[in-house]
Amino acid sequence: MDYRDSPGEAEFRSRLRDWLARHAREFALSGDEYWSRYGDWHRALYGAGFFGLSWPREYGGQDRPPVYDVILDEELAAAGAPPRPSLGYLVTGLGHHGSKELCRRFLPGMISGTERWCQGFSEPGAGSDLASLATTAVRDDDAYVVRGQKIWTSYSDVADWCLLLARTDPAAPRHQGLSAFVISMHQPGIEQRPLTMISGVSTEFGQVTFDGARVPAGNMVGAPGDGWKLAMTVVSHEREPSTLGFTARYGKTVRTLAARLPGEPGEGRTIPSELAWAHVQTQMLYAHVRRRLAEQMDGQTHGPQGSLDKLLMTWTEQAVGHAALAVAGTGDAAALEAYLYSRAQSVMGGTSQIQKNIIADRILGLGG
Amino acid sequence: MDARLTAEQASLRAAAAGLADKLGPHSVLALSDTKRAVQLEQAITGSGWRSLRTDGASGVELALVAEELARGLVDVPFLGPVLADALRPSGPGTTIAVGLRAIDARGATRALALEGTRLLTAPVGPPARGTDLTRVVAPLAGPPQPAGEISAAHATRWRALAVCVTAAEMVGAARGAHALAVGYAKVRTQYGRPIGSYQAISHPLAEALALIEGCESVLRYAAWAVDELRPAEAVKAARIAKVYCARAARTVCETAIQVHGGIGNTWECLAHLFLRRVLVCAETFPVRLEEIDVGLP
Numbered sequence: 000m001d002y003r004d005s006p007g008e009a010e011f012r013s014r015l016r017d018w019l020a021r022h023a024r025e026f027a028l029s030g031d032e033y034w035s036r037y038g039d040w041h042r043a044l045y046g047a048g049f050f051g052l053s054w055p056r057e058y059g060g061q062d063r064p065p066v067y068d069v070i071l072d073e074e075l076a077a078a079g080a081p082p083r084p085s086l087g088y089l090v091t092g093l094g095h096h097g098s099k100e101l102c103r104r105f106l107p108g109m110i111s112g113t114e115r116w117c118q119g120f121s122e123p124g125a126g127s128d129l130a131s132l133a134t135t136a137v138r139d140d141d142a143y144v145v146r147g148q149k150i151w152t153s154y155s156d157v158a159d160w161c162l163l164l165a166r167t168d169p170a171a172p173r174h175q176g177l178s179a180f181v182i183s184m185h186q187p188g189i190e191q192r193p194l195t196m197i198s199g200v201s202t203e204f205g206q207v208t209f210d211g212a213r214v215p216a217g218n219m220v221g222a223p224g225d226g227w228k229l230a231m232t233v234v235s236h237e238r239e240p241s242t243l244g245f246t247a248r249y250g251k252t253v254r255t256l257a258a259r260l261p262g263e264p265g266e267g268r269t270i271p272s273e274l275a276w277a278h279v280q281t282q283m284l285y286a287h288v289r290r291r292l293a294e295q296m297d298g299q300t301h302g303p304q305g306s307l308d309k310l311l312m313t314w315t316e317q318a319v320g321h322a323a324l325a326v327a328g329t330g331d332a333a334a335l336e337a338y339l340y341s342r343a344q345s346v347m348g349g350t351s352q353i354q355k356n357i358i359a360d361r362i363l364g365l366g367g
Numbered sequence: 000m001d002a003r004l005t006a007e008q009a010s011l012r013a014a015a016a017g018l019a020d021k022l023g024p025h026s027v028l029a030l031s032d033t034k035r036a037v038q039l040e041q042a043i044t045g046s047g048w049r050s051l052r053t054d055g056a057s058g059v060e061l062a063l064v065a066e067e068l069a070r071g072l073v074d075v076p077f078l079g080p081v082l083a084d085a086l087r088p089s090g091p092g093t094t095i096a097v098g099l100r101a102i103d104a105r106g107a108t109r110a111l112a113l114e115g116t117r118l119l120t121a122p123v124g125p126p127a128r129g130t131d132l133t134r135v136v137a138p139l140a141g142p143p144q145p146a147g148e149i150s151a152a153h154a155t156r157w158r159a160l161a162v163c164v165t166a167a168e169m170v171g172a173a174r175g176a177h178a179l180a181v182g183y184a185k186v187r188t189q190y191g192r193p194i195g196s197y198q199a200i201s202h203p204l205a206e207a208l209a210l211i212e213g214c215e216s217v218l219r220y221a222a223w224a225v226d227e228l229r230p231a232e233a234v235k236a237a238r239i240a241k242v243y244c245a246r247a248a249r250t251v252c253e254t255a256i257q258v259h260g261g262i263g264n265t266w267e268c269l270a271h272l273f274l275r276r277v278l279v280c281a282e283t284f285p286v287r288l289e290e291i292d293v294g295l296p
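Chain order of the listed sequences is A and B.
So in numbering that gives the first Met the number 0, spot 218 of the first sequence is number 217, and the numbers just go up one at a time.
So in numbering that gives the first Met the number 0, spot 95 of the second sequence is number 94, and the numbers just go up one at a time.
Have a look at this one:
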């Protein structure tokens with residue numbers, strides 16, 4: 000057992016640190032400027048050889064163990080750079096369920112950032128109960144025609160492609176009538192509108208209306224009716240430990256807040272209990288990500304355990320949000336944004352209530 | 000970077016778990032079953048775990064054993080003797096004193112204490128039942144006498160170890176309480192259904208499991224740090240672990256009592272034994288949230 004970097008990991012970390020020292024500050028960290036330059040950041044990181052680390056080499060990745068993603072996240076946070084582009088769920092969803100042909104066509108552009116993507120899962124009427132989604136895809140010759148509405152679609156305004164979940168068989172039981180598609184966002188019949196979040200950010204999420212948009216039948220991911228399986232792969236991947244990329248950022252926020260306190264560390268200064276508690280939780284999460292990575296090395300895959308990780312991450316982010324308010328107050332724009340943004344963490348990627356249902360049912364065996 | 004337990008560590012953990020499951024008290028009544036207590040004492044003596052540290056065991060290994068024994072509410076001394084042994088190899092009959100009390104005083108004649116880098120020793124007085132019903136405490140029977148010096152590094156690492164091992168006991172007790180409550184939620188029915196099928200019961204139990212997972216992670220890192228990081232860093236990691244585990248473990252035990260409803264508030268229900276063990280471990284080598292400042296730049 001050794002929590003320190005192996006020689007290979009240390010070499011990678013130092014090479015990355017050098018690159019970040021030169022380039023990290025060129026990109027905004029938050030707010031609309033961050034979201035609008037996300038694509039440039041993605042391509043810069045990939046171009047320098049620091050993105051797609053744990054993904055297959057044949058699609059532009061580097062086939063490294065997931066610990067390298069964690070090192071990347073830590074160094075990005077420490078350098079004050081934007082976070083790692085969050086694409087793992089899309090790469091995994093398409094990679095696991097798509098044909099070789101679809102993977103060859105789409106994964107390289109997705110990983111390198113030359114093509115932008117969004118995910119069309121949630122709908123106004125289908126949030127936690129995703130299987131109730133009502134968007135339809137109806138076969139028409141060698142294509143499907145899509146009608147319906149999607150919401151909480153990150154980057155819908157800049158996306159070239161959408162990984163879409165739609166109902167192809169209204170007669171089938173609801174989990175079996177869904178199929179997944181790769182659909183072009185550049186066509187008539189797709190309209191997208193931004194959603195403004197409580198933090199004021201309006202470039203993260205969109206609402207997308209499909210009204211007669213077309214997708215070639217060959218762009219179906221998997222077979223007709225395989226949509227639910229893909230959706231489950233995607234949502235459980237969103238909770239994998241190495242995708243808990245924000246861990247290191249929480250620690251960075253805590254240190255930044257601590258630096259604003261009067262007095263010197265260890266000299267009996269009073270620090271707000273919210274900040275101390277946020278620090279304790281970020282340290283817990285640091286150790287937790289490492290323990291989960293270790294379990295992965297032993298071949299344990301994380302199904303429902305990801306829900307435990309998601310709860311721990313959520314509690315930590317929200318504790319950091321409270322610390323930001325306690326130290327800096329609502330008058331500080333960054334602190335207010337950090338706090339308001341943290342409220343979404345217990346909703347996105349599956350609400351905390353849904354995580355608890357999964358834990359209760361699939362780990363504790365309590366039934367429902 | 001590799002946070003995996005070694006095969007030896009995993010089998011040590013399994014051995015401690017097996018012993019605790021076999022001979023730990025499975026009811027409050029079993030606390031006064033002297034036949035069981037004698038068998039348990041023989042098994043722990045035979046295991047040699049009270050001198051793990053002088054046998055070369057790491058902080059991780061001590062924490063694993065402490066956690067499993069606490070999970071099974073093992074009610075013969077381990078924490079006191081193993082920490083005394085880690086301070087200075089002293090043979091059977093030695094425990095440690097915290098403040099002016101010997102902890103784990105059953106069968107102990109002497110208690111060691113650390114003050115700065117100075118070792119102190121005192122005879123142990125008549126044992127009495129304490130707040131933790133699985134643990135016997137005793138006043139010191141005389142004033143502590145100087146018993147030598149240890150190096151500053153040894154003293155600091157020992158403090159980190161003591162904080163970690165008491166945190167490990169809390170995590171074990173929390174796991175025991177949680178398992179008890181989950182089992183109860185599956186068999187207790189109200190309104191014609193097992194209470195565990197209601198979200199009002201299942202969600203707190205799910206939260207409790209997440210807290211336990213967080214405890215395991217923060218504790219394992221701190222236990223590793225005892226031997227592998229610089230002494231000051233080891234203490235820092237131990238403090239973080241203790242603060243997190245103390246809060247989390249108490250919450251988990253309180254949830255366990257709540258899930259048991261009226262029964263959970265009776266003396267006969269095991270749930271309060273876990274809670275008491277957690278509360279006492281939190282007060283033994285305590286760390287307050289206010290002391291966490293040293294961890295921040």
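We put the beta carbon where it would ideally sit given N, CA and C, even for glycine.
Contact with chain B by residue i, beta-carbon distance below 8 Å
i: A/S341; result: no
i: A/I353; result: no
i: A/M347; result: no
i: A/R36; result: no
i: A/A293; result: yes
i: A/L324; result: no
Closer than 8 Å at the beta carbon, the chain B residues around residue i
i: A/V319; result: Simply none; closest approach about 13 Å.
i: A/M296; result: D1, R3
i: A/M231; result: Neighbours of A/M231 on chain B: none; closest Cβ ~19 Å, over 8 Å.
Cross-chain neighbours of residue i in chain A, by beta carbon under 9 Å
i: B/S201; result: K355, N356, I358, A359, D360, L363, L365, G366, G367
i: B/L204; result: K355, I358, A359, L363, L365
Beta-carbon proximity check, residue i vs residue j, cutoff 8 Å
i: A/G348; j: A/V200; result: no
i: A/R254; j: A/V326; result: no
i: B/T108; j: B/G98; result: no
i: A/L164; j: A/L132; result: yes
i: A/F204; j: A/W151; result: yes
i: B/C163; j: B/A62; result: yes
i: B/V73; j: B/A19; result: yes
i: B/G213; j: A/L311; result: yes
i: B/S89; j: B/L111; result: yes
i: A/V346; j: A/Y249; result: no
i: B/P142; j: B/R100; result: no
i: A/D39; j: A/L52; result: no
i: B/G71; j: B/G182; result: no
Interface residues of chain A facing residue i [CB-CB closer than 8 Å]
i: B/T5; result: M0
i: B/R219; result: A286, R290
i: B/L208; result: L307, I358, I362, L363
Boundaries (first-last residue) of the alpha helix (DSSP H) holding residue i
i: B/R308; result: Lying before the first or after the last residue shown, residue 308 of chain B is absent from chain B, which here runs from 0 to 296.
i: B/W48; result: Looking at the DSSP string, B/W48 is not in any alpha helix (DSSP H), and its letter there is neither H nor E.
i: A/Q352; result: 351 to 357
i: A/W314; result: 304 to 327
i: B/P80; result: 78 to 86
i: B/F273; result: 270 to 282
i: A/V253; result: 246 to 258
Where the beta strand (DSSP E) containing residue i begins and where it ends
i: A/V145; result: 142 to 153
i: B/D32; result: It is not in any beta strand (DSSP E) - B/D32 carries neither H nor E in the DSSP assignment.
i: A/C161; result: 160 to 166
i: B/P138; result: 135 to 138
i: B/T93; result: 93 to 97
i: A/I189; result: 189 to 194
Beta carbon proximity, residue i to chain A, threshold 8 Å
i: B/A96; result: no
i: B/R187; result: no
i: B/V75; result: no
i: B/W48; result: no
i: B/S196; result: yes
Within chain B, partners of residue i - CB distance below 9 Å
i: A/H185; result: Simply none; closest approach about 42 Å.
i: A/E8; result: M0
Per-residue contacts from residue i into chain A (C-beta, under 7 Å)
i: B/A184; result: L365
Residue i Cβ short of 7 Å to the ligand GDP heavy atom set
i: A/G364; result: Absence of the ligand GDP is noted for the structure shown, with no ligands found whatsoever.
Chain B residues whose Cβ lies nearer than 7 Å to that of residue i
i: A/V214; result: By Cβ distance, chain B contributes nothing, its closest Cβ being about 38 Å from A/V214, past 7 Å.
> Could you give the uninterrupted runs of the beta strand (DSSP E) lying entirely in the region 191 to 261 of chain B, keeping only those of 3 residues or more?
Replying inline: none
>> Could you tell me which whole alpha helix (DSSP H) segments of length 4 or greater appear in the region 84 to 152 of chain A?
In response: 87 to 96, 99 to 111
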